[in-house]
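S.K.: One structure, pasted below without further comment.
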Amino acid sequence: MHVLYSTSPDQIPALTSDDLRRRFLVEDLFADDQVRAVYSHGDRVVLAGAAPVNGPLSLPTFPELRADHFFERREGGIINVGGPGSVTVDGESYALAHGSCLYVGRGAQDLEFASDGTDPARYYIFSAPAHTTFPTTLVEAGAGTVRELGDQSTSNRRTLNQYIHENGVRSCQIVMGVTTLHSGSMWNTMPAHTHDRRMEAYLYFDLPEEARVVHLMGEPTETRHLIVGNQQAVISPSWSIHSGVGSASYSFVWAMAGENQSFDDMDHVAITELR
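Note that our numbering numbers the sequence shown so that position 218 is 231, with each residue one more than the last.
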């Protein structure tokens, strides 16, 4: 498990591109037959990737968590960004197709990730501390609360699926879903916004191997960019915008944790105000 410490916004102007990438971009979350994880001191979230290829993988109890098992004091959302597979939670198996979401409640002890067939599954796990327990729940791809956003004329036509949220699958603090850009649209989350009460992480996927997303981050008056590839994640502190434009259409998992679960509690920033 790699540990990332908090960064103050007044440090951003002095950081190089490599500095930004080390602090906010997770480039190598997925590796065949491994479970890799990053612990962020921003709201103490964990981002993890499980890539079972030659056999099932168990979720480790990382020593940095000081716990008897991963979900002893945590909850998590799991989204499959690869081929079909299944996740077994304390003996109960859940089939996860591409884009499906599994919420795992606090107290779950044994998790195992498996692939079905020759196209391996890739499981993205977003976890946050939890102080109460909600039941483990599966949501099939596209079966959450659906919002149609943007317009083709502004290149940001997109379908947003809310899976874990206050009016859907219940959690202690996680809010999570998937947004898919329509063909010919490249912009996400524009106009941009911040939300001081929640951090957020984006995992970009279904992006062609030769394509990239230019992800915008930073305070609205001091923006910077990260060049992001397929199945790479960006950690966005509460003070930072999180928006991007791709060289091709793509999808991304968005996941938030903090003191409130109101999806629309955000401070919008017009593009004319960005610097």
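No residue lacks a Cβ here, since even glycine has one placed at the ideal position from N, Cα and C. Since the structure is predicted, the reported quantities are computational estimates derived from the model, not experimental observations.
Might you give, ordered along the chain, the residues of its own chain that have their beta carbon closer than 7 Å to the beta carbon of proline 148, omitting 5 neighbours on each side?
M.R.: For the purposes of this step, residue 148 is taken as the residue at position 135 of the sequence shown. These residues qualify, in order along the chain: Gly118.
S.K.: On the DSSP bridge assignment, give the partners of glutamine 24 in chain order.
M.R.: Indexing the sequence shown from 1 puts residue 24 at position 11. Answer is none; glutamine 24 lacks a bridge partner.
S.K.: Taking just the CA atoms, how far does proline 142 sit from glycine 157?
M.R.: Sequence index remark: in the sequence shown, residue 157 carries index 144 (1-based). Sequence index remark: in the sequence shown, residue 142 carries index 129 (1-based). Taking the straight line joining both Cα atoms gives about 23 Å.
S.K.: Could you tell me the alpha carbon to alpha carbon distance between alanine 80 and glutamine 122, rounded to whole angstroms?
M.R.: Walking along the sequence shown from the start, residue 80 turns up at place 67. Walking along the sequence shown from the start, residue 122 turns up at place 109. Going by the C-alpha atoms only, they are around 11 Å apart.
S.K.: For cysteine 114, which beta-bridge partners are listed by DSSP?
M.R.: Counting from 1 along the sequence shown, the entry for residue 114 is found at position 101. DSSP, once it has assigned bridges, lists Ile92, Val152 as partnering cysteine 114.
S.K.: In terms of residue numbering, what span does the beta strand (DSSP E) encompassing leucine 33 cover?
M.R.: Here residue 33 refers to the residue found at position 20 of the sequence shown. Note, leucine 33: premise wrong, no beta strand (DSSP E); alpha helix (DSSP H) at 30-37.
S.K.: Between Cys114, Arg135, Ser166, which lies nearest to valine 152 when the distance is taken from Cα to Cα?
M.R.: Residue numbering aside, residue 152 sits at position 139 when the sequence shown is read from its first letter. Residue Cys114 is the option with its Cα nearest to valine 152.
S.K.: Quick one: which unbroken alpha helix (DSSP H) runs of 4-plus residues sit fully inside the region 115-201? Chain order, please.
M.R.: DSSP runs (the alpha helix (DSSP H)) wholly in the region 115-201: none.
S.K.: Output the distance between the C-alpha atoms of glycine 68 and arginine 135, rounded to the nearest integer angstrom.
M.R.: Within the sequence shown, residue 68 is the residue found at index 55, counting from 1. Within the sequence shown, residue 135 is the residue found at index 122, counting from 1. The alpha-carbon atoms of glycine 68 and arginine 135 are separated by roughly 13 Å.
S.K.: So if DSSP puts alanine 214 in a beta bridge, which residue, or which two residues, is it bridged to?
M.R.: The count along the sequence shown starts at 1 and reaches residue 214 at position 201. Paired residue(s): Ile248, Ala268.
S.K.: Measuring alpha carbon to alpha carbon, tell me which residue in Val226, Val48, Phe139 is nearest valine 258.
M.R.: Within the sequence shown, numbered from 1, the residue matching residue 258 stands at position 245. Cα-wise, what sits closest to valine 258 is Val226.
S.K.: Check each candidate in Val59, Ile187, Ala64 and name the one with the smallest Cα separation from phenylalanine 75.
M.R.: Locating residue 75 in the sequence shown gives position 62, where the first residue counts as 1. For phenylalanine 75, the nearest C-alpha among the options comes from Val59.
S.K.: Does the count of Cβ pairs from the region 236-255 and the region 184-198 closer than 8 Å reach three?
M.R.: Contact fails: fewer than three Cβ-Cβ distances are below 8 Å.
S.K.: Would you report the Cα separation of glycine 163 and glycine 181, rounded to the nearest angstrom?
M.R.: For the purposes of this step, residue 163 is identified with residue 150 of the sequence shown, where counting begins at 1. For the purposes of this step, residue 181 is identified with residue 168 of the sequence shown, where counting begins at 1. One C-alpha to the other measures close to 23 Å.
S.K.: Between the beta-carbon of serine 264 and the beta-carbon of leucine 220, is there less than 9 Å?
M.R.: Position 251 of the sequence shown holds residue 264. Position 207 of the sequence shown holds residue 220. It is a contact, given that the beta carbons lie within the stated cut-off.
S.K.: Can the beta-carbon of leucine 70 be found less than 9 Å from the beta-carbon of valine 48?
M.R.: Residue 70 sits at position 57 when you count from the first residue of the sequence shown. Residue 48 sits at position 35 when you count from the first residue of the sequence shown. Cβ atoms of leucine 70 and valine 48: closer than 9 Å.
S.K.: When burial is assigned at 16 or more other CB atoms within 10 Å of the CB, is alanine 283 buried or exposed?
M.R.: On the sequence shown, position 270 is the one that residue 283 refers to. So alanine 283 ends up on the exposed side.
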